[in-house]
Amino acid sequence: MGKTAGCSRRGRTKKSNNEDEDNGFAAWGGYMEAKKAKLLDQFHSSEVEKISDIFKGVAIHVNGLTKPPADELKKSMAAHGGVFHMYQIKHLGTVPIVKPAWISDSIALGKLLDYRRYLLYTNQSITQPKIGFPVIEKAAPGESAPSASTANQRRGPTKTAADPKFLEEFYNNSRLHLISTLGAEFKQLVGQMRDKSDGRFPGKEKLLAKGKISTHVLPSSVIMHIDMDCFFVSVGLRNHPELRGQPVAITHARSGQISNNCPERTASREQEFALYADRLPEGTTSRVATIDVNSSMSEIASCSYEARKCGVRNGMFLGQAVKLCPELKTLPYDFEGYKEVSNTLYKTIASYTLDIEAVSCDEMYVDVSGILQETGLTVEEWATHIRGGNYRDYRMSLLHG
Numbered sequence: 001m002g003k004t005a006g007c008s009r010r011g012r013t014k015k016s017n018n019e020d021e022d023n024g025f026a027a028w029g030g031y032m033e034a035k036k037a038k039l040l041d042q043f044h045s046s047e048v049e050k051i052s053d054i055f056k057g058v059a060i061h062v063n064g065l066t067k068p069p070a071d072e073l074k075k076s077m078a079a080h081g082g083v084f085h086m087y088q089i090k091h092l093g094t095v096p097i098v099k100p101a102w103i104s105d106s107i108a109l110g111k112l113l114d115y116r117r118y119l120l121y122t123n124q125s126i127t128q129p130k131i132g133f134p135v136i137e138k139a140a141p142g143e144s145a146p147s148a149s150t151a152n153q154r155r156g157p158t159k160t161a162a163d164p165k166f167l168e169e170f171y172n173n174s175r176l177h178l179i180s181t182l183g184a185e186f187k188q189l190v191g192q193m194r195d196k197s198d199g200r201f202p203g204k205e206k207l208l209a210k211g212k213i214s215t216h217v218l219p220s221s222v223i224m225h226i227d228m229d230c231f232f233v234s235v236g237l238r239n240h241p242e243l244r245g246q247p248v249a250i251t252h253a254r255s256g257q258i259s260n261n262c263p264e265r266t267a268s269r270e271q272e273f274a275l276y277a278d279r280l281p282e283g284t285t286s287r288v289a290t291i292d293v294n295s296s297m298s299e300i301a302s303c304s305y306e307a308r309k310c311g312v313r314n315g316m317f318l319g320q321a322v323k324l325c326p327e328l329k330t331l332p333y334d335f336e337g338y339k340e341v342s343n344t345l346y347k348t349i350a351s352y353t354l355d356i357e358a359v360s361c362d363e364m365y366v367d368v369s370g371i372l373q374e375t376g377l378t379v380e381e382w383a384t385h386i387r388g389g390n391y392r393d394y395r396m397s398l399l400h401g
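Residues in the sequence shown are numbered from 1 upward in steps of one, following the UniProt record's numbering.
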């Protein structure tokens, strides 16, 4: 169903045998224009009772089977100040094509609704998701206007990049986005802890209560790099202790094989291989050499030491990894778990010092110079102590340097 403000036909003058004769149809297409004008006059002179002017200045043409049917839509337009065209306009141009519900809903609410919500086709493509700017309806007297947040709520499952929730779901399931986001969050967390600090450090106070452990000569400045070992795998194993000691990898895919439901998969996979191989640095094309069209190209984000012994590496395609290690077990991402363990790590270190530089969810730099000077601990002794922190309950390992 198209909506338009009007239509016109411009054409050539067709020569007649009698140049002086003018029957009103001398112009090319004159008959159809006259017929349209007659139908329009009949529409305006119809006996339908006028109810409102909701559709004043709006004209529609119905194409195909609609619900409600064309006759009912015609009566609705007549009753509410609109125009109904019986014949389709040849050159629609940019005339919007909307669903019939636009008419019904506008009448039900007693106001002309934004037609963009009822568009049958848009300029939106699969590769260019639509930016959903909020549309605020004008409030009736005595009513409060809806907020932007409620006026533009998005609903429905994500299936393609054209879906409004595609980007949100993509980022919610992206480990790279998580790492970058958490890095920023923990930098902010460190700043907040500094602002709220009362100068007390419970962890350091417990150490000092034991007295100086040793009196080693220490360097004036010690910056320690702390990194969680096999972070994604270690967090995943918290809920799967039965997999400890086995080759484990973190990835989106559950199998080394892809689904065979798509008949065009082979051709698209060959193109994907070629494009990926072209982008690989020289001498590293072996990454795709052992993968066939049925192998999963889901990347491994993290793998256990048992998997590494079989040749599996971070960033490797799952299909290739399974060929190297048929016993490889896969676990999904646990984003909430990563946040929980990361918070524990940062707060544990903050109980000793706030001289922290956050890097990511599992990595930081810490100036431990003051701690070592006050407690008398060596670097190795401090590292051993911190490894026994609260996150030990998670059976996580810390690397330091």
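All residues carry an ideal CB built from backbone N, CA and C; glycine is no exception. Since the model is a prediction, treat every value here as computed from it, not as a measurement.
At the level of alpha carbons, what is the spacing between A350 and S296?
42 Å
| message | Considering only heavy atoms of the ligand NAP, does any lie closer than 7 Å to the CB of H385? | response | No copy of the ligand NAP occurs in the structure displayed, which carries no ligand at all.
Assuming S360 is part of the beta strand (DSSP E), what are its boundary residues? I356 to S360
field: Closest residue to S76 among G64, N63 and D105 (Cα-Cα distance)
entry: D105
Closest by C-alpha distance to S360, when choosing among E374, T348, K339 and V368: K339
Can you tell me whether G319 is buried or exposed, with buried defined as 16 or more other CB within 10 angstroms of its CB? buried
**Asked** Roughly how many whole angstroms lie between the Cα atoms of F84 and E49?
**Response** 15 Å
Checklist entry - Among R116, T330, A383 and K56, which one has its Cα closest to the Cα of D227? => result A383
> With burial defined as no fewer than 16 other Cβ atoms inside 10 Å of the residue's Cβ, what is the status of H80: buried or exposed?
Replying inline: buried
### Query
From which residue to which residue does the alpha helix (DSSP H) around K204 run?
P202 to A209
Relative to the alpha-carbon of R308, which residue among I51, E363 and V248 has its alpha-carbon at the smallest distance? V248
Taking the alpha carbon of D355 as the reference point, which residue from G82, F201, K99 and L243 has its own alpha carbon closest? F201
| What did DSSP end up calling S369 once you bin it into helix, strand or coil? | helix
Would you kindly work out how many angstroms separate the C-alpha atoms of L112 and L189, rounded to a whole number? 48 Å
If you measure between the beta carbons of V341 and V235, is that distance less than 8 Å?
yes
Review point. Whose C-alpha, out of L377, L73, E357 and S369, is nearest the C-alpha of E185?
Key: E357
Quick one: give me the first and last residue of the beta strand (DSSP E) that M228 is part of. I223 to M228
Taking C-alpha atoms, which residue in I60, G183 and E336 lies nearest to Y115? I60
Mapping DSSP to helix, strand and coil, what is I250? strand
_What would DSSP say about E49, mapped onto helix, strand or coil?_
coil
- Message: Given a cut-off of 8 Å on the beta-carbon distance, is the pair S304 and T251 in contact?
- Response: no
Inter-residue CB distance, T353 and G370 (contact presumed, cutoff 8 Å)
6 Å
So, with DSSP's three-state summary, where would you put M364? strand
Cα-Cα separation, residue 402 to E72: Limits of the chain in this structure are 1 at one end and 401 at the other, which puts residue 402 out of reach.
Report, in whole angstroms, the separation of the C-beta atoms of T375 and L208, which I expect to be a contact under 8 Å.
-> 6 Å
Would you mind working out which of I107, A108, I103 and V98 sits nearest Y118, comparing C-alpha positions?
V98
- Item | Local Cβ density within 10 Å of I107, reported as buried at 16 or more and exposed below that | buried
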